[in-house]
Amino acid sequence: MRSAVIVFPASNCDRDAETALRDITGRAPHMVWHAEGTFPEVDLIVLPGGFSYGDYLRAGAMAAHSPVMREVVARAGRGVPVLGICNGFQVLCEAGLLPGALMRNASLKFVGRDVHVRVETSQSLFTSRYANGAVARMPVAHGDGNYYADDATLDRLEERGQVAFRYCTPDGAVVEAGNPNGARRNIAGIFNETKTVLGLMPHPERVCDPLLGGTDGRAMFEGLVEALT
Amino acid sequence: MKARVHVTLKQGVLDPQGTAIQGALAHLGFEGVGDVRQGKLIEIDLQESDPARGRAQVEEMCRRLLANTVIENYAIEVMS
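Chains P and Z are the protein sequences, given in the same order. Throughout, my numbering is defined as the position within the first sequence, counted from one, plus 62. Throughout, my numbering is defined as the position within the second sequence, counted from one, plus 868.
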């Protein structure tokens, strides 16, 4: 499986994504600078976490209009899978590849800790190695992770099975106590309509090795390798 | 000419920063302060001298970048 990690100014999880992809796919991903107009053909594009362009204007707003994103949007339109983690999720929403927006955390506090998420469907490239309803522990590190969409959009996402992950308690209950940022309906990650684009606030790439304190993120990359190789 | 763009969160969208300001005003002893909403002010110098064309340009800027219309409203003020 060939992959690419897009690097924006102030991306800070690009190397984590690189390490996870290299270890699990057995091939080093292309690291693509944001100013590049194009990059080699790949099977997966990753938009990593960080604070692209210093979060100026809105988180992800500037990155969504960077030169490389025209190419990412075009390839996503052709069905190339795109994974946006944390700031990458914000960029995907700002670029219009995913519906909704990420707002300031309801607590006004930056949240950096492990959370639990329930896998809402295993019917996707990204989640095939998880059981439906499985609970995964992953870290979050964000100030703007509060997912917002209007009721009609949320209903449509749910009807079409586009909710990928919801924040939950360790035993899988989707309740307010498990929600770190105020996201509507506890949404931690969503797919586009064809489920070839996934955006999520938690960091699966940071829990791919026991040395990092967990391996619950590994199944996402293993599932991608299985589907895309 | 100069244009000013006011970007505000839509009504009904939670504004935690506005809520924090409201709390701080209460702590300072200001009475009678209701809902507080926080927004952004963006000032833009334009080469354009025709107000209608200038406004149309800024409208396009708002739609494409300056405001996220999922959660934000914008108001444009054009000053010659």
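A virtual CB, placed ideally from N, CA and C, is assigned to each residue, including glycine.
Within chain P, the residues whose beta carbon sits less than 8 Å from that of Val881 of chain Z are Met165 and Tyr210, listed in sequence order. With distances taken between CA atoms, Ala125 of chain P lies nearest to P:His96 out of P:Val144, P:His96 and P:Ile147. Closer than 7 Å at the C-beta level to chain P, one finds these residues of the region 878-906 of chain Z: Val881, Leu882, Pro884, Gln885 and Ala888. With its beta carbon at least 8 Å from every one in chain P, Ile912 of chain Z lies outside the interface.
Of P:Pro143, P:Ile252 and P:Asp233, the smallest CA-CA separation from Phe283 of chain P is found for P:Pro143. Near chain P, meaning a CB-to-CB distance below 7 Å, the residues of the region 931-947 of chain Z are Leu933, Asn936, Val938 and Ile939. In summary, Val259 of chain P is buried, with 16 or more beta-carbon neighbours lying within 10 Å of its beta-carbon over all protein chains present. The beta-bridge partner set that DSSP reports for Arg175 of chain P consists of P:Val202. Separation of Gly223 of chain P and Thr100 of chain P (C-alpha to C-alpha, rounded to the nearest whole angstrom) is 32 Å. Between Asp105 of chain P and Met131 of chain P, the beta carbon gap of about 19 Å keeps them out of contact (Cβ cut-off 8 Å). Of the residues P:Ser184, P:Val179, P:Thr291 and P:Val108, the one whose Cα lies closest to the Cα of Arg77 of chain P is P:Val108. Straight-line measurement puts the Cα of Ile944 of chain Z at about 38 Å from the Cα of Tyr229 of chain P. A straight-line Cα-Cα distance of about 19 Å links Gly116 of chain P and Glu98 of chain P. Beta bridge pairing from DSSP links Arg180 of chain P with P:Val197 and P:Arg228. Taking Ala203 of chain P as the centre and dropping the five residues before and after it, the same chain places the C-beta of Gly174 closer than 6 Å to its C-beta, in chain order. In this structure, DSSP gives Leu83 of chain P a helical state, which the three-state scheme calls helix. Taking 8 Å as the cut-off, the beta carbon of Leu262 of chain P is found no closer than this to the beta carbon of Ile86 of chain P. For the pair Tyr118 of chain P and Leu164 of chain P, the CB atoms are not nearer than the 8 Å cut-off. In its chain, beyond the 5 residues on either side, no residue has a beta carbon closer than 8 Å to the beta carbon of Gly88 of chain P.
Considering only beta carbons, the part of the region 123-151 of chain P lying closer than 7 Å to chain Z consists of Ala123 and His127, in chain order. For Ser190 of chain P, the CB contacts under 8 Å within the same chain, skipping 5 residues up- and downstream, are Ser184, Gly285, Glu288 and Ala289 in chain order.
Within the region 206-239 of chain P, Asn208, Tyr210, Ala211, Asp212 and Thr215 place their CB atoms closer than 9 Å to a CB of chain Z, listed in sequence order.
In the displayed model, Met869 of chain Z falls within coil according to three-state DSSP, outside both helix and strand. Contact annotation: the region 267-277 of chain P does not touch the region 913-928 of chain Z, with fewer than three C-beta pairs closer than 8 Å.
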